[in-house]
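Below is one structure, written out as structure tokens; the observations come after it.
Protein chains: 2
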Amino acid sequence: MHRFDAATALERRDGRFAATLDAGFNVGRSPNGGYVAALGVAAIGKVLAQPDPFSVTTHYLRRLESGPVEVEVDVVREGRSLSAAEARLYQGGAEGARMLAVFGDLSGLDGPTAVRGAPPDLPPPDELVASADVPGLPEIVYRLDLRIHPAHLAGLVGQPSGGGEVAAWMRFADGREPDVASLPLFADAGPPAALNLTQAGWVPTIELTVHVRARPAPGWLRAAFRTRYLVGGYLEEDGELWDSRGDLVALSRQLARVHRPRES
Amino acid sequence: MHRFDAATALERRDGRFAATLDAGFNVGRSPNGGYVAALGVAAIGKVLAQPDPFSVTTHYLRRLESGPVEVEVDVVREGRSLSAAEARLYQGGAEGARMLAVFGDLSGLDGPTAVRGAPPDLPPPDELVASADVPGLPEIVYRLDLRIHPAHLAGLVGQPSGGGEVAAWMRFADGREPDVASLPLFADAGPPAALNLTQAGWVPTIELTVHVRARPAPGWLRAAFRTRYLVGGYLEEDGELWDSRGDLVALSRQLARVHRPRES
Numbered sequence: 272m273h274r275f276d277a278a279t280a281l282e283r284r285d286g287r288f289a290a291t292l293d294a295g296f297n298v299g300r301s302p303n304g305g306y307v308a309a310l311g312v313a314a315i316g317k318v319l320a321q322p323d324p325f326s327v328t329t330h331y332l333r334r335l336e337s338g339p340v341e342v343e344v345d346v347v348r349e350g351r352s353l354s355a356a357e358a359r360l361y362q363g364g365a366e367g368a369r370m371l372a373v374f375g376d377l378s379g380l381d382g383p384t385a386v387r388g389a390p391p392d393l394p395p396p397d398e399l400v401a402s403a404d405v406p407g408l409p410e411i412v413y414r415l416d417l418r419i420h421p422a423h424l425a426g427l428v429g430q431p432s433g434g435g436e437v438a439a440w441m442r443f444a445d446g447r448e449p450d451v452a453s454l455p456l457f458a459d460a461g462p463p464a465a466l467n468l469t470q471a472g473w474v475p476t477i478e479l480t481v482h483v484r485a486r487p488a489p490g491w492l493r494a495a496f497r498t499r500y501l502v503g504g505y506l507e508e509d510g511e512l513w514d515s516r517g518d519l520v521a522l523s524r525q526l527a528r529v530h531r532p533r534e535s
Numbered sequence: 272m273h274r275f276d277a278a279t280a281l282e283r284r285d286g287r288f289a290a291t292l293d294a295g296f297n298v299g300r301s302p303n304g305g306y307v308a309a310l311g312v313a314a315i316g317k318v319l320a321q322p323d324p325f326s327v328t329t330h331y332l333r334r335l336e337s338g339p340v341e342v343e344v345d346v347v348r349e350g351r352s353l354s355a356a357e358a359r360l361y362q363g364g365a366e367g368a369r370m371l372a373v374f375g376d377l378s379g380l381d382g383p384t385a386v387r388g389a390p391p392d393l394p395p396p397d398e399l400v401a402s403a404d405v406p407g408l409p410e411i412v413y414r415l416d417l418r419i420h421p422a423h424l425a426g427l428v429g430q431p432s433g434g435g436e437v438a439a440w441m442r443f444a445d446g447r448e449p450d451v452a453s454l455p456l457f458a459d460a461g462p463p464a465a466l467n468l469t470q471a472g473w474v475p476t477i478e479l480t481v482h483v484r485a486r487p488a489p490g491w492l493r494a495a496f497r498t499r500y501l502v503g504g505y506l507e508e509d510g511e512l513w514d515s516r517g518d519l520v521a522l523s524r525q526l527a528r529v530h531r532p533r534e535s
């Protein structure tokens, strides 16, 4: 079993789902927000008839820690093509995250298609530094294989480029292929694009919305994250995920807040 | 009293809020999605201590009609700087919309600011056609004064420009000034940008998220809406709202679905 699947495994218990947040997906002392969203998506997926999360919004309410959690899912509306549900994630009796999602079926969509964007331009992955070879990064980085565009590395060492962008190749480090269940994780797995706008110690997510638009093909994902509006310390981060066929597979947007770096 | 304020007025009744959806904000036979979101924001604003909706996600569950509705609000988390709440809007005993929101206080934000975008380039409003002078448009258009960029009008008459954009000046027709309470309405009040990608009969919103980033100054808003990814009939529409000082006041993103035009 791949680590992400173990980390999002759920057991039904008294009308809730029990799970364990894996410290291997931490950023500092807390689980990555995209990982928390993926766990909620897994729980909602057990309840709704439709297989694919079309839109998932997660509000982060309290600091979570690795260890046991419970997820409660309520069906909001069951429909023929789309169904909606809510998930509430509890730890130590307190609600740590709440999610609202609509699921559908991405196979057999027969409406019109018009694409006005393209995957980010990146050098081949084997010409780029693999995150696993860099010591001292957040735990989650070692579960993944990230290859960040060289022009976007400056902010990660405290020298913001000013462009507010981070583009990267992404895949699981253990060979697990990407799927719709893991896209919420990838949508929040890059370093904050805001590090290329301003010096920051910590950029916690307040709310994250992911739209899954297609089932990804096996292989590398290409991700492009961009922050254009940092205002009074609050910012949006917009993400695009593209699969190895060159198809857009997800869009994300999060509201986050910059905390200044600690004085040393 | 201005029409928008009457249309979002709430009366406490048995632990819920009673309101009346005003047909003046309809698109066809249903209330505009941004108007429904604004009504939910008004209800949540009565319950939380913080004044400003930082992020509001609305899921549209069933077709609503003008007339009486009830809104139930639950506090999800009360915090010092941010508080979260959920609202459920009922009509005829069925839930028609569910919202998840986080409120804060936009006054006195003291974090860093870096802006990497600009308001859309528009000819002066008095050189553009006022929506109120065009007959046969959806009802909501006459509650507003919309002045659409001439280059973006083609899709509205069935000739998509291909660019997927609609930029416009916007204000209330009755002189009411914009504020944070009305930004969710403006964020969904333009014609669908997808009309400049494909011919469509109807583009219903499935989910709408609005981030309010600043309190708007009095005067015209400038709005820019853009759809880049129409895939199998599903699309995102990204919106930016700018105030008369040239400050970004809100970002929006919605997931919507194109229905083909009726054969004539």
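Each protein sequence line maps, in turn, to chains A and B. In the working numbering, each number is its position in the first sequence, counted from 1, plus 271. In the working numbering, each number is its position in the second sequence, counted from 1, plus 271. Cβ atoms here follow ideal geometry from the backbone N, Cα and C, with glycine treated the same way. Note that the structure is a prediction, hence the values are computed from the model and not measured.
Original post:
Ala356(A) and Val346(A) look like a contact to me (Cβ under 8 Å); what is the Cβ gap, rounded to whole Å?
Top reply: 5 Å
Subject >> DSSP bridge partner residues for Ala308(B) (one or two, in chain order) >> reply: DSSP output for Ala308(B) lists no bridge partner at all.
**OP:** Counting only the same chain and skipping the five closest in sequence on each side, list residues whose C-beta sits under 7 Å from that of Ser535(B).
**Re:** Note on Ser535(B): pLDDT 47, under 50, position unreliable in the model; the coordinate value appears next. Excluding residues within five positions, none has a Cβ falling inside 7 Å.
Subject >> Residues of its chain near Ser326(A), where Cβ-Cβ distance is below 6 Å and the 5 sequence neighbours each way are ignored >> reply: Val373, His482
Original post:
Which one of Thr476(B), Glu507(B), Arg531(B), Arg493(B) has the shortest CA to CA distance from Ser301(B)?
Top reply: Thr476(B)
Original post:
CB-CB under 6 Å to Glu282(A), same chain, minus the five flanking residues each way: which ones, in chain order?
Top reply: Ala289
Subject >> Element boundaries [alpha helix (DSSP H), containing Phe296(B)] >> reply: Neither: Phe296(B) is in no alpha helix (DSSP H) and is coded neither H nor E.
**OP:** Out of Ala425(B), Val318(B), Gly503(B), Asp450(B), state which residue places its alpha-carbon closest to the alpha-carbon of Pro487(B).
**Re:** Asp450(B)
Subject >> Those residues which DSSP pairs with Asp345(A) across a bridge >> reply: Glu357(A)
Subject >> Same chain, Cβ closer than 6 Å to Arg442(A), neighbours up to 5 away in sequence not counted >> reply: Asp416, Trp491
Original post:
Three or more beta-carbon pairs under 8 Å between the segment 321-341 of chain B and the segment 367-386 of chain B, yes or no?
Top reply: yes
**OP:** Please report the residue range of the beta strand (DSSP E) in which Ala495(B) lies.
**Re:** 492-497
Subject >> Selected residue, minimal CA-CA separation from Glu560(B), among Gln430(B), Thr469(B), Gly299(B), Arg528(B) >> reply: What the structure shows of chain B is the stretch from 272 to 535, and residue 560(B) is not part of that stretch, so it cannot be assessed.
**OP:** Flag this pair as yes or no: are the beta carbons of Asn467(B) and Glu436(B) separated by less than 7 Å?
**Re:** yes
Subject >> Short Cβ contact (7 Å threshold) for Arg287(B) with Glu343(B) >> reply: yes
Subject >> As assigned by DSSP and simplified to three states, the class of Val529(A) >> reply: coil
**OP:** State buried or exposed for Val412(A), treating a residue as buried only when at least 16 other CB atoms are found within 10 Å of its CB.
**Re:** buried
Original post:
Would a check of beta-carbon distances place Glu437(A) closer than 7 Å to chain B?
Top reply: Checking the sequence shown, residue 437(A) turns out to be Val, not Glu. No, Val437(A) does not count as interfacial toward chain B.
Original post:
Would you call Gly338(B) buried or exposed, if buried means 16 or more other Cβ atoms sit within 10 Å of its Cβ?
Top reply: exposed
Subject >> Contact list for Asn383(B) against chain A, beta-carbon separation under 7 Å >> reply: For the record, residue 383(B) in the displayed sequence is Pro; it is not Asn. Those within 7 Å of Pro383(B) in chain A are Thr469, Leu501, Gly504, Val529.
Subject >> Rounded separation between Ala280(A) and Ala425(B) - CA only >> reply: 50 Å
**OP:** Closer than 7 Å, Cβ to Cβ, to anything on chain B: give me those residues from the segment 299-330 of chain A, in chain order.
**Re:** Phe325, Ser326, Thr328, His330
Subject >> Interface partners of Ile477(B) on chain A, CB under 8 Å >> reply: Phe325, Ser326, Leu353, Val373
Original post:
What residues match up with Leu424(B) in a beta bridge as DSSP calls it?
Top reply: Partner(s): none; Leu424(B) has no beta bridge.
Subject >> Proximal residues to Thr469(B) (C-beta, below 7 Å), its chain only, five neighbours per side dropped >> reply: Pro431, Leu501, Val529
Original post:
Leaving out the 5 sequence neighbours to the left and right, which residues in its chain are closer than 8 Å to Gly316(A) when beta-carbon positions are compared?
Top reply: Pro322, Pro324, Phe374, Ala452
Original post:
Any idea what DSSP makes of Val474(B), helix, strand or coil?
Top reply: coil
Original post:
Within 10 angstroms of its Cβ, does Ala389(B) collect 16 or more other Cβ (buried), or is it exposed?
Top reply: exposed
**OP:** Could you name the residues of the segment 422-434 of chain B whose beta carbon sits closer than 9 Å to any beta carbon of chain A, in the order they occur along the chain?
**Re:** Pro431, Gly433, Gly434
Original post:
Is any beta-carbon of chain A found at less than 7 Å from that of Gly364(B)?
Top reply: no
**OP:** Report buried or exposed for Pro455(A), applying the criterion of at least 16 other Cβ atoms within 10 angstroms of its Cβ.
**Re:** buried
Original post:
Got a sec: is the Cβ-Cβ distance from His482(A) to anything in chain B below 7 Å?
Top reply: yes
Original post:
Can you tell me the Cα-Cα spacing of Val318(A) and Ala308(A), whole angstroms?
Top reply: 16 Å
Subject >> Inter-residue spacing [alpha-carbon to alpha-carbon] between Gly379(B) and Asp514(B) >> reply: 18 Å
Subject >> Neighbour flag for Leu522(A) against chain B, beta carbons, 7 Å >> reply: yes
**OP:** To the nearest angstrom, report how far apart Gly429(B) and Arg531(B) are at their CA atoms.
**Re:** 12 Å
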